[in-house]
Amino acid sequence: MQDEIGEAFSLFKTDEDIRGRLKGKLPDEQLDALLEYVSFDKFVQLSLKALRKILPLMEQGKRYDEACAEIYGDHYGIKDDKQAQFLPPVSADEIRNPVVLRALSQARKVVNAVVRRYGSPARVHIETAREVGKSFLDRKKIEKRQEENRKDRERSIAKFREYFPNFVGEPKAKDILKMRLYEQQQGQCLYSGKAIDLRRLNEKGYVEIDHALPFSRTWDDSFNNKVLVLAGENQNKRNQTPFEWLGGDEKRWREFTARVEHCRFPRSKKQRILMQKLDEKDFKERNLNDTRYVNRFLCNFIAQNMLLTGEDKNRVFASNGQITNLLRGMWGLKKVRESNDRHHALDAVVVACSTVAMQQKITNYVRQKEMNVFDGEMVDKTTGEVSRLHFPQPWDFFRQEVMMRVFGKPDTPSENNEEADTPEKLRALLADKLSSRPEAVHEAVTPLFVSRAPSRKMSGQGHMETIKSAKRLSEGKSVLRVPLTQLTPKLLENMVNREREPQLYEDLLGRLNAHGGDPAKAFAAPFFKRDKAGNPTQQVKAVRVEDVQKSGVIVREGNGVADNATMVRVDVFEKGGKYYLMPIYTWQAAKGILPNKAVIAHTDEANWQEMDTSFTFKFALYPNDLVLASLKKETYFGYFAGLDRSTGNISLRVHDLEKSKGKDGVYRIGVKTALSFQKYQVDELGKTIRPCRLKKRPPVR
Numbered sequence: 003m004q005d006e007i008g009e010a011f012s013l014f015k016t017d018e019d020i021r022g023r024l025k026g027k028l029p030d031e032q033l034d035a036l037l038e039y040v041s042f043d044k045f046v047q048l049s050l051k052a053l054r055k056i057l058p059l060m061e062q063g064k065r066y067d068e069a070c071a072e073i074y075g076d077h078y079g080i081k082d083d084k085q086a087q088f089l090p091p092v093s094a095d096e097i098r099n100p101v102v103l104r105a106l107s108q109a110r111k112v113v114n115a116v117v118r119r120y121g122s123p124a125r126v127h128i129e130t131a132r133e134v135g136k137s138f139l140d141r142k143k144i145e146k147r148q149e150e151n152r153k154d155r156e157r158s159i160a161k162f163r164e165y166f167p168n169f170v171g172e173p174k175a176k177d178i179l180k181m182r183l184y185e186q187q188q189g190q191c192l193y194s195g196k197a198i199d200l201r202r203l204n205e206k207g208y209v210e211i212d213h214a215l216p217f218s219r220t221w222d223d224s225f226n227n228k229v230l231v232l233a234g235e236n237q238n239k240r241n242q243t244p245f246e247w248l249g250g251d252e253k254r255w256r257e258f259t260a261r262v263e264h265c266r267f268p269r270s271k272k273q274r275i276l277m278q279k280l281d282e283k284d285f286k287e288r289n290l291n292d293t294r295y296v297n298r299f300l301c302n303f304i305a306q307n308m309l310l311t312g313e314d315k316n317r318v319f320a321s322n323g324q325i326t327n328l329l330r331g332m333w334g335l336k337k338v339r340e341s342n343d344r345h346h347a348l349d350a351v352v353v354a355c356s357t358v359a360m361q362q363k364i365t366n367y368v369r370q371k372e373m374n375v376f377d378g379e380m381v382d383k384t385t386g387e388v389s390r391l392h393f394p395q396p397w398d399f400f401r402q403e404v405m406m407r408v409f410g411k412p413d414t415p416s417e418n419n420e421e422a423d424t425p426e427k428l429r430a431l432l433a434d435k436l437s438s439r440p441e442a443v444h445e446a447v448t449p450l451f452v453s454r455a456p457s458r459k460m461s462g463q464g465h466m467e468t469i470k471s472a473k474r475l476s477e478g479k480s481v482l483r484v485p486l487t488q489l490t491p492k493l494l495e496n497m498v499n500r501e502r503e504p505q506l507y508e509d510l511l512g513r514l515n516a517h518g519g520d521p522a523k524a525f526a527a528p529f530f531k532r533d534k535a536g537n538p539t540q541q542v543k544a545v546r547v548e549d550v551q552k553s554g555v556i557v558r559e560g561n562g563v564a565d566n567a568t569m570v571r572v573d574v575f576e577k578g579g580k581y582y583l584m585p586i587y588t589w590q591a592a593k594g595i596l597p598n599k600a601v602i603a604h605t606d607e608a609n610w611q612e613m614d615t616s617f618t619f620k621f622a623l624y625p626n627d628l629v630l631a632s633l634k635k636e637t638y639f640g641y642f643a644g645l646d647r648s649t650g651n652i653s654l655r656v657h658d659l660e661k662s663k664g665k666d667g668v669y670r671i672g673v674k675t676a677l678s679f680q681k682y683q684v685d686e687l688g689k690t691i692r693p694c695r696l697k698k699r700p701p702v703r
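According to my numbering, the stretch in the sequence shown is residues 3 to 703, in order.
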């Protein structure tokens, strides 16, 4: 019966059709309840026949892939004789998360590019970062958060050593976590409000680290879901959220909320702990659908679908990130994330060298070092012979070769720092510095070039959220209502009717100056206008402020205007040896509007240059398109990162984002009078770079 219900709700979309399909099979009250609470939109990618075979095995405790392997021989049902040289597309039916699907699709392109250039590999080694599938901005936020967490941990370690000077050895991760939470909560048990004795922090059974939102219901093991409580308090809470536990008692919930707000938690952690409605399904999907799943899927996908020439049984290997960090350090490969993006290549080399044989060598090395070595020497107990131990290397001169291949120069401060940026220069450098390793010089040696995937996305936010009055748009101005708690001194200077209400202006400015220009502090208390006698009259909560409005999106039937949001494309035209740039925004793409005016620096959009038939379309620029701009004094080669519509300048990112070049790896240049301005394409490996062919101007989708 359940199968029939599922089929009816998946196949039919209206209540009438579903009722017709299930008529006479269910009581009306049960059918009414199902129609109110059940909603299916598609089938799982398994037949009922397959499910009836697989589910009994899963009920016995087997994982899905283990059950499939027992019934069908392997997870995907793809046999060795059907394995192809190249990976097939990743099915959207198997990966429902669009961000993860995009990341896996990019990984597939890179793997296939390797095969096209070098042939089928013997083995594939994989390491996926936890930020896989994230956008550039999200990755930057993760990096910033990682750095903040690192500094926070260092402070906690120092504080731990200060309070526990007699502690033997290095403090464990759990000890540091307790200290971090103790400081965040200012020494207070979050559940009871009682003080925690810092001297007893390491005492067994005194305090516990609890998941504020139950782990069994959310799978959230993040730092933002962990709190420090006195032993027993978490047992009182049991498998409930704080609100489920305390929300029924208004006084206790109010006290708990005050404690949380008083803690030094980030806002996101406070919101999580005080959450009143828990969406278990959403939490589990977000916390289980992480890189561990991506890692496992990618390994299985490659193993089952791709021809590998190695004889090993396990030819697809998932390397642990901690092992990569260890080997990189032991092999002397310096990694500085902040300098440029080449450190990813170092990780790739280390992962490739993390073979089973290498792991065995390192295991033997560590075992011998632990058992026989003092000061780096090994003593043969039989002969008494003393020999030096060296950490196993993939090959001789490994570090020197890798650093030159990745960075294009020797890893020694005394050497010339000029990068070997052509194949000829790099091969000459290797031949000179590694004369004892002639195999390091071969035709495949080329300088590293970071390949980035262009973003062709034409959708997104139509306009910025703030809506301003468009009444004075013809004057190039808009009017915005600003709450006093957001009124900065700079905004106050543009207050509407400032000349007509000088007393109001002076009072507002005085309040701001008295609080250091901080509007949130200045207007935390109510603010009132004053009459001539100085008596308070009308309360003021917001003021109107003028803003320069040279362009924007007209909304609310012409009464409002909002700033443009994302610039999704820039079309490049040429006439008489000069180049003209035309921005296209998401709202234009959504409406199918193909603009025909190019930017003129420091000019209102209404007066921009119109592109008639005398102008020649050259190419369309999307974020991360590779371009070459030859100016009179210098040539720039990099990835397009944006257009400044006020100046007409473009931003170009250096391919590896080397911070010492331009401003943090970004050049801002004008191209109107460039000697040449050309778009290039680069393959997934950064090996083949060539000019793009001329095409017709594409429409907006």
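Just so it is clear, CB atoms sit at the ideal spot from N, CA and C, and this is done for glycine as well.
Note that the structure is a prediction, hence the values are computed from the model and not measured.
Judged by their CB atoms, K470 and L482 are nearer to each other than the 7 Å cut-off. In this model, V112 and L24 are separated by some 50 Å (Cα to Cα). Taking 3 residues as the minimum length, the beta strand (DSSP E) runs contained wholly in the region 407-491 are 479-485, in order along the chain.
Residue environment for D34: exposed (fewer than 16 other C-beta atoms within 10 angstroms of its C-beta).
N227 and R182 have their C-alpha atoms spaced approximately 13 Å apart. In this chain, the alpha helix (DSSP H) harbouring G22 covers D17 to L24. Under the DSSP assignment, M584 falls outside any alpha helix (DSSP H), being part of the beta strand (DSSP E) whose first and last residues are K580 to Y587. Runs of beta strand (DSSP E) with 3 or more residues, each lying fully within the region 167-219, are found at 209-213, listed in chain order. Close CB contacts of W610 within its chain, under the 7 Å cut and outside five residues either way in sequence, are with K599, A600, V601 and I602 (chain order).
For A86, DSSP records a beta bridge to M308. Three or more Cβ pairs drawn from the region 486-501 and the region 541-549 lie within less than 8 Å of each other, which places the two stretches in contact. Rounded to whole angstroms, the Cβ separation of A676 and A631 is 5 Å, and the two are in contact under 8 Å. Apart from the 5 residues on each side of it in sequence, R317 sits with its Cβ closer than 6 Å to the Cβ of R125 and L310 in its chain, given in chain order. The distance from the Cβ of K196 to that of L232 is about 6 Å, consistent with a contact at the 8 Å cut-off.
In terms of Cβ geometry, R695 and F619 do not form a close pair [threshold 7 Å].
Under the Cβ criterion (8 Å, minimum of three pairs), the region 655-674 counts as touching the region 575-590. For G640, the beta-bridge partners assigned by DSSP are V629. Closest in alpha carbon position to L450, among D413, G478, K492 and M405, is M405. Bounds of any beta strand (DSSP E) do not take in T357, whose DSSP letter is neither H nor E. Our two residues, P394 and P440, have alpha carbons roughly 21 Å apart in a direct line.
The three-state reading of DSSP puts K228 in strand, counting E and B together. Taking 8 Å as the upper bound for CB-CB distance, L106 and V296 are in contact here, some 7 Å apart. For M497, the secondary structure class from DSSP, reduced to helix, strand or coil, is strand. Around the beta carbon of K492, fewer than 16 other beta carbons sit within 10 angstroms, so the residue counts as exposed. In the structure shown, the three-state DSSP call for K51 is helix.
Residue nearest to F319 within the set N307, G331, R344 and V353 is V353 (criterion: CA-CA distance). The three-state secondary structure of F267, taken from DSSP, is coil.
In the DSSP secondary-structure assignment, H517 is not bridged to any residue. Spatial neighbours of S122 in its own chain (CB-CB distance under 7 Å, excluding positions within 5 residues in sequence) are listed in chain order as Q87, L309, L310 and T311. Contact between G640 and H657 is confirmed by a C-beta separation of about 6 Å, below the 8 Å threshold. For V572, DSSP records a beta bridge to P585 and L623. In this structure, DSSP gives P504 a helical state, which the three-state scheme calls helix. Contact between the region 233-241 and the region 202-217 is present: 3 or more CB-CB pairs across the two stretches fall below 8 Å. Here I159 is not near I144, since their CB atoms are 7 Å or more apart.
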